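A.B. asks:
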Amino acid sequence: MEVPVSGNRFVALGIIGAGAMAVVSGQLPPVSGFPMAQFLAHWWVFPASVVFATVALSSGVSGALFFSPFFMLVVGLTPSQAIGAGLLTEVFGMGNGLRSYVKQQVVDFQTAKWLLLGSVPAIIVGAFAAHYVDPTILKLIFGAGLLLLGGFLVYYEAPENCEPGECEGEYLKAKNTGRGTTTVEATDGETFTYDTCWRTPGVALSTVGGFITGLISAGLPEIVTTQLIVRCRVPPRVAVATSVFVLGVTAIAGALVHALTATPVWYVVAWSIPGVLVGGAIGTRVGKYIPSDLMETGLGVVFGIVGAIVLALELLV
Numbered sequence: 013m014e015v016p017v018s019g020n021r022f023v024a025l026g027i028i029g030a031g032a033m034a035v036v037s038g039q040l041p042p043v044s045g046f047p048m049a050q051f052l053a054h055w056w057v058f059p060a061s062v063v064f065a066t067v068a069l070s071s072g073v074s075g076a077l078f079f080s081p082f083f084m085l086v087v088g089l090t091p092s093q094a095i096g097a098g099l100l101t102e103v104f105g106m107g108n109g110l111r112s113y114v115k116q117q118v119v120d121f122q123t124a125k126w127l128l129l130g131s132v133p134a135i136i137v138g139a140f141a142a143h144y145v146d147p148t149i150l151k152l153i154f155g156a157g158l159l160l161l162g163g164f165l166v167y168y169e170a171p172e173n174c175e176p177g178e179c180e181g182e183y184l185k186a187k188n189t190g191r192g193t194t195t196v197e198a199t200d201g202e203t204f205t206y207d208t209c210w211r212t213p214g215v216a217l218s219t220v221g222g223f224i225t226g227l228i229s230a231g232l233p234e235i236v237t238t239q240l241i242v243r244c245r246v247p248p249r250v251a252v253a254t255s256v257f258v259l260g261v262t263a264i265a266g267a268l269v270h271a272l273t274a275t276p277v278w279y280v281v282a283w284s285i286p287g288v289l290v291g292g293a294i295g296t297r298v299g300k301y302i303p304s305d306l307m308e309t310g311l312g313v314v315f316g317i318v319g320a321i322v323l324a325l326e327l328l329v
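For the sequence shown, our numbering assigns the number 329 to the last residue and increments by one with no breaks.
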């Protein structure tokens, strides 16, 4: 299958768009007004971002799961600031992986465009809601979301290890049959041919994932990857690549909304963005030496603990 856009051009477009959002919003601080003292005081965000990106790339877990709670609980940002900074950081952090998948031509663009119909409008609504929901309620939603995602990582097998279509049931099996086939031809010569999936549930699930991601900056890749493999019979390599592509486009839209509705915390993201670029390069090299199942279980426990702490601080203190 011909790829409609080259990897280099797509990633460059994402980076330019993420940077331009500040100019469009008129909120990029002038050099004379940049909070240099705050910027220098937060130097430690850089090494923390390197570690987070390295772990995320090594384990296959969304990096936004690290940054939003880190920005909120450690850096001290408000929930909406933390979520916006997390999305903006993620746009840059996913660049290397996204470029690689597009270059390999393993993205199912036909499926991706349907998923984007749900995820892009939904993340815009979720991102707007994050700035108007009461901070206490947003923290409660965030804490509950971390608990759910932590439980997902601990109790559910990685979707990459699932047999495509194993949980579709008779109803979905009938719905997924007779809709033609999709063929994806990778640059390494491998060809993937599978039944074209019933689109409606996918759009609905990506809508839910997009809204959650706009609200708490995490959830879309976990939902999309799982449903593509378990429900749609998509081969794991194609499902993961398609999920990353959908997240890349969707996250740019969400980050743009956060930039337009509030002043981005530039003295923080100026450290976190270089950090994820360095950590991403490291993570892709060390990932093959780390047992991914053990890593995901450990991270699930950590996210569950952090979610419980967020809820406890709001409900008990």
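Glycine residues also receive a C-beta, built at the ideal position from the N, C-alpha and C atoms. In this text, all values refer to a predicted model and were calculated from it rather than measured experimentally.
Since glycine 162 and glycine 316 should fall inside the 8 Å C-beta cutoff, what is the C-beta to C-beta distance between them, to a whole number of angstroms?
C.D. replies: The residue you call residue 162 lines up with position 150 of the sequence shown. The residue you call residue 316 lines up with position 304 of the sequence shown. Contact flag correct, Cβ pair sits at about 3 Å.
A.B. asks: DSSP state of methionine 33, grouped into three classes?
C.D. replies: As a working note, residue 33 is residue 21 in the sequence shown. For methionine 33, the predicted model reports a pLDDT of 46, less than 50, meaning its position is unreliable and no value from the coordinates is stated.
A.B. asks: For the beta strand (DSSP E) that contains alanine 204, what are its first and last residues?
C.D. replies: Sequence index remark: in the sequence shown, residue 204 carries index 192 (1-based). The sequence as given places phenylalanine at residue 204; alanine does not occur at that position. Segment 203-207, the beta strand (DSSP E) holding phenylalanine 204.
A.B. asks: Please look up how many angstroms separate the CB atoms of threonine 90 and proline 147, rounded, as I've assumed it's under 8 Å.
C.D. replies: If you number the sequence shown from 1, residue 90 lands on position 78. If you number the sequence shown from 1, residue 147 lands on position 135. Their Cβ separation, rounded to whole angstroms, is 6 Å, which keeps threonine 90 and proline 147 in contact under 8 Å.
A.B. asks: Considering Cα atoms alone, identify which of Pro81, Thr193, Pro247 is closest to valine 118.
C.D. replies: Position 106 of the sequence shown, counted from the first residue, corresponds to residue 118. Nearest C-alpha to valine 118: Pro247.
A.B. asks: By the three-class DSSP mapping on this structure, what secondary structure does valine 290 have?
C.D. replies: Looking up residue 290 in the sequence shown gives position 278. Three-state DSSP puts valine 290 in a helix.
A.B. asks: Between the segment 92-108 and the segment 216-234, do at least 3 Cβ pairs fall closer than 8 Å?
C.D. replies: Output reads yes: the segment 216-234 touches the segment 92-108.
A.B. asks: Taking Cβ positions, are threonine 262 and leucine 77 nearer each other than 8 Å?
C.D. replies: Within the sequence shown, residue 262 is the residue found at index 250, counting from 1. Within the sequence shown, residue 77 is the residue found at index 65, counting from 1. It is not a contact, given that the beta carbons lie outside the stated cut-off.
A.B. asks: Leucine 281 to lysine 115, Cα distance in whole Å?
C.D. replies: Along the sequence shown, one-based indexing puts residue 281 at 269. Along the sequence shown, one-based indexing puts residue 115 at 103. Before going on, a small fix: residue 281 reads as valine here, not leucine. The straight-line gap from Cα to Cα measures roughly 28 Å.
A.B. asks: Could you round the C-beta distance between glycine 155 and leucine 323 to whole angstroms and report it? I think they count as a contact, below 8 Å.
C.D. replies: Looking up residue 155 in the sequence shown gives position 143. Looking up residue 323 in the sequence shown gives position 311. With a Cβ gap of about 4 Å, glycine 155 and leucine 323 count as contacting.
A.B. asks: Are there 16 or more other CB atoms within 10 angstroms of the CB of tyrosine 167, so buried, or fewer, so exposed?
C.D. replies: Locating residue 167 in the sequence shown gives position 155, where the first residue counts as 1. Exposed, since its Cβ has fewer than 16 Cβ neighbours within 10 Å.
A.B. asks: Based on Cα-Cα distance, which residue from Met106, Met84, Ala60, Val86 lies nearest to glycine 292?
C.D. replies: As a working note, residue 292 is residue 280 in the sequence shown. Per the Cα distances, Met106.
A.B. asks: The alpha helix (DSSP H) with valine 220 in it runs from where to where?
C.D. replies: If you number the sequence shown from 1, residue 220 lands on position 208. Per DSSP, valine 220 belongs to the alpha helix (DSSP H) from 211-228.
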